[in-house]
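Read through the structure below, which is laid out as structure tokens, and then see the notes.
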Amino acid sequence: MWQKYRGGVMMQVDPHGKVISEYRDPLAHHDQHHLDNGHLLYTTVEALTPEQALTIPGGIPGSEAPDGSVFADCIKLVDPADHGKVLFHWRAVDHLDPEKFPLHPHFAREHWPLINSVQLLKDGNILASLRSVSAVVVISRETGEIMWHLDSTVVAQQHCASELDDGSILIFDNGTFRYRESSTYSRVIQVDRATKKLLWEYRDRSMPNAFFSPFMGGAQRLENGNTLITEAVFGRMFEVTPEGQICFEYVNPHFADYKHLNAPELLDIGFDFPANAVFRAYKYTPDEVPWLRLPN
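As numbered in full-length UniProt numbering, residues 1 to 296 make up the sequence shown, in order.
Here it is as structure tokens:
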């Protein structure tokens with residue numbers, strides 16, 4: 001799996017380029033959070049046994065990893081300052097019922113359930129987005145069990161689930177193979193945890209396909225109530241008001257490809273041409289980055 005994600009180095013760097021902390025896990029992928037206490041929360045994978053792999057339903061037949069393996073997600077909380085001491089270790093294979101979380105039929109079987117975002121909640125539990133099974137879950141830090149589950153009738157291959165100040169959940173809902181809908185479109189939704197009802201939604205209703213990122217994507221609720229959205233595949237970042245009006249927009253003008261990396265597995269997933277994709281963007285106020293020298 002390293003050949004696919006090519007991750008594994010997680011570090012904090014100061015404005016002068018000095019490495020403050022660094023932790024390595026060759027199988028880490030997609031998301032990491034450096035907490036205020038110095039701990040590190042991140043996603044990684046482990047190879048399942050052949051017997052465990054047979055229990056995972058769905059996916060494209062014969063699409064296991066090159067050696068025939070199926071990899072399953074883990075979430076780890078570690079203390080890099082204490083020789084990487086593991087403080088919490090959650091294994092999908094121990095706590096997810098494969099029958100309730102089957103791979104979608106168009107996904108490769110090599111990776112289940114493909115956690116693409118993870119966050120420590122204010123109550124101490126863990127929020128995770130599971131892309132290849134179209135689910136957002138809250139995991140108990142105490143038991144590892146699933147406390148809350150938003151399923152594929154609401155989200156479709158979503159990314160970037162985050163907790164807002166009022167406890168609701170903000171999600172970039174990609175919309176590929178959406179439940180009982182034939183058209184593809186992305187949206188950003190805010191979901192009430194207690195009722196699972198939508199509190200807010202942004203989508204381009206004038207031309208639905210005009211806002212669509214089949215994979216990757218991000219959403220950040222700003223202090224002024226607006227939302228910064230990353231339409232990742234097309235390198236578009238834009239800010240919308242609560243009423244859905246676009247008040248800022250930027251498209252990444254820089255294009256590159258992966259061909260120089262000698263990584264055919266990356267070309268196979270959609271980057272066999274120059275792309276301006278942006279995985280996720282964040283907006284900061286000047287007070288949050290006082291060291292950044294802006295042009296006059």
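Here a beta-carbon is modelled for each residue, glycine too, at the ideal position from N, C-alpha and C.
- Task: Could you check what DSSP says for W219 in three-state terms: helix, strand or coil?
- Result: For the purposes of this step, residue 219 is taken as residue 219 along the sequence shown, with counting starting at 1. With the sequence shown as reference, residue 219 is identified as Ala, and Trp is not the correct amino acid for it. Three-state result, A219: strand.
- Thinking P102 and P57 are a contact (beta carbons under 8 angstroms), I'd like their distance in whole angstroms, please. Locating residue 102 in the sequence shown gives position 102, where the first residue counts as 1. Locating residue 57 in the sequence shown gives position 57, where the first residue counts as 1. About 4 angstroms separates the two Cβ atoms, so the contact holds.
- Message: Runs of 3 residues minimum, wholly inside the region 148-174: which ones carry the beta strand (DSSP E) assignment?
- Response: 159-163, 169-173
- Quickly, what does DSSP pair L103 with across the bridge? List them, please. Translated into the one-based positions of the sequence shown, residue 103 becomes position 103. Bridge partners of L103: G58.
- Taking DSSP as the reference, what is the three-state secondary structure of N116? In the sequence shown, the residue the question calls residue 116 occupies position 116. In this structure, N116 counts as strand in the three-state DSSP scheme.
- Please report how far the alpha carbon of L87 lies from the alpha carbon of S183, in whole angstroms. Within the sequence shown, the letter at position 87 stands for residue 87. Within the sequence shown, the letter at position 183 stands for residue 183. Near 44 angstroms, if we compare the C-alpha coordinates of S183 and L87.
- Query: Secondary structure at D272, three-state DSSP: helix, strand or coil?
  - Reply: Reading the sequence shown from its first residue, position 272 is the one you call residue 272. Three-state result, D272: coil.
- Report buried or exposed for V19, applying the criterion of at least 16 other Cβ atoms within 10 angstroms of its Cβ. One-based indexing of the sequence shown puts residue 19 at position 19. It is exposed - the Cβ of V19 has fewer than 16 other Cβ atoms within 10 Å.
- According to the neighbour-count rule (16 or more other Cβ atoms, all chains shown, within 10 Å of its Cβ), is G84 buried or exposed? By one-based count along the sequence shown, residue 84 stands at place 84. By the neighbour-count rule (16 or more Cβ atoms within 10 Å), G84 is not buried but exposed.
- Query: Whose C-beta lies closer than 7 angstroms to the C-beta of A277 among residues of the same chain, with five residues either side of it excluded?
  - Reply: Numbered from 1 along the sequence shown, position 277 holds the residue referred to as residue 277. M216, A232, V233, G235.
- Let me know if K197 comes out buried or exposed under the rule of 16 or more other beta-carbons within 10 Å of its beta-carbon. Looking up residue 197 in the sequence shown gives position 197. The residue in question, K197, is exposed, as its Cβ has fewer than 16 Cβ neighbours within 10 Å.
- Query: Nearest-angstrom Cα distance between E22 and R180?
  - Reply: On the sequence shown, residue 22 is found 22 positions in, with the first residue counted as 1. On the sequence shown, residue 180 is found 180 positions in, with the first residue counted as 1. Spanning the two alpha carbons is a distance of roughly 45 angstroms.
- Item | CA-to-CA distance, R203 to T230, given in whole angstroms | To locate residue 230, count along the sequence shown from 1; it is residue 230. To locate residue 203, count along the sequence shown from 1; it is residue 203. Cα to Cα, T230 sits roughly 13 angstroms from R203.
- Task: Return helix, strand or coil for F238, following the three-state DSSP convention.
- Result: Indexing the sequence shown from 1 puts residue 238 at position 238. Strand.
- Just curious, the beta strand (DSSP E) that V9 is in, first and last residue? In the sequence shown, counting from the first residue as 1, residue 9 sits at position 9. First-last of the beta strand (DSSP E) with V9: 9-13.
- So what does DSSP say about R24, is it helix, strand or coil? Stepping through the sequence shown from its first residue, residue 24 is reached at position 24. Strand, per DSSP.
- Query: Beta-carbon separation of I169 and R141 under 8 angstroms?
  - Reply: Mapped onto the sequence shown, residue 169 falls at position 169. Mapped onto the sequence shown, residue 141 falls at position 141. Not a contact, by the Cβ cut-off of 8 angstroms.
- Item | Same chain, Cβ closer than 6 angstroms to I146, neighbours up to 5 away in sequence not counted | The count along the sequence shown starts at 1 and reaches residue 146 at position 146. Counting only Cβ-Cβ distances below 6 angstroms, and skipping sequence neighbours, we find V137.
- Item | V154 versus A161: straight-line alpha-carbon distance, rounded | Counting from one through the sequence shown, the residue named residue 154 turns up at place 154. Counting from one through the sequence shown, the residue named residue 161 turns up at place 161. Taking the straight line joining both Cα atoms gives about 13 angstroms.
- Message: I want to see whether chain D comes within less than 8 angstroms of I139, judged by CB atoms only; does it?
- Response: No chain D appears in the structure shown, which is made up of a single protein chain.
- Item | Euclidean distance between Cα positions of N37 and P61 | Numbered from 1 along the sequence shown, position 37 holds the residue referred to as residue 37. Numbered from 1 along the sequence shown, position 61 holds the residue referred to as residue 61. If I take the Cα positions, the gap works out to 44 angstroms.
- Message: Please list the terminal residues of the continuous alpha helix (DSSP H) segment that includes D94.
- Response: Working through the sequence shown from its first residue, we reach residue 94 at position 94. 92-95 is the span of the alpha helix (DSSP H), which, as asked, contains D94.
- Simplified DSSP state of V233, which is helix, strand or coil: Looking up residue 233 in the sequence shown gives position 233. It is helical.
- Query: In three-state terms, what does DSSP make of A210?
  - Reply: Counting from 1 along the sequence shown, the entry for residue 210 is found at position 210. Helix at A210.
- Reference T195; option with closest CA among S213, N209, G167: Residue numbering aside, residue 195 sits at position 195 when the sequence shown is read from its first letter. Of the candidates S213, N209, G167, the one whose C-alpha sits nearest the C-alpha of T195 is G167.
- Item | L77 versus G17 - alpha carbon distance | Stepping through the sequence shown from its first residue, residue 77 is reached at position 77. Stepping through the sequence shown from its first residue, residue 17 is reached at position 17. Each residue's alpha carbon lies about 25 angstroms from the other.
- Message: For F172, count the other beta carbons within 10 Å of its own beta carbon; 16 or more makes it buried, fewer makes it exposed. Which is it?
- Response: Looking up residue 172 in the sequence shown gives position 172. Flag for F172 reads buried.
- Message: Going by DSSP in three states, E142 sits in which element: helix, strand or coil?
- Response: What you label residue 142 is simply residue 142 of the sequence shown in a count that begins at 1. Note: E142 maps to coil in three-state DSSP.
- In this structure, what does DSSP give as the bridge partners for L228? Numbered from its first residue, the sequence shown carries residue 228 at position 228. DSSP, once it has assigned bridges, lists Q220, E239 as partnering L228.
- Determine which residues share a DSSP beta bridge with A108 and list them. On the sequence shown, position 108 is the one that residue 108 refers to. Answer by DSSP bridge pairing, in chain order: I60.
- Residues of its chain near W291, where Cβ-Cβ distance is below 7 angstroms and the 5 sequence neighbours each way are ignored: Translated into the one-based positions of the sequence shown, residue 291 becomes position 291. Cβ neighbours of W291 beyond the five flanking positions: P15.
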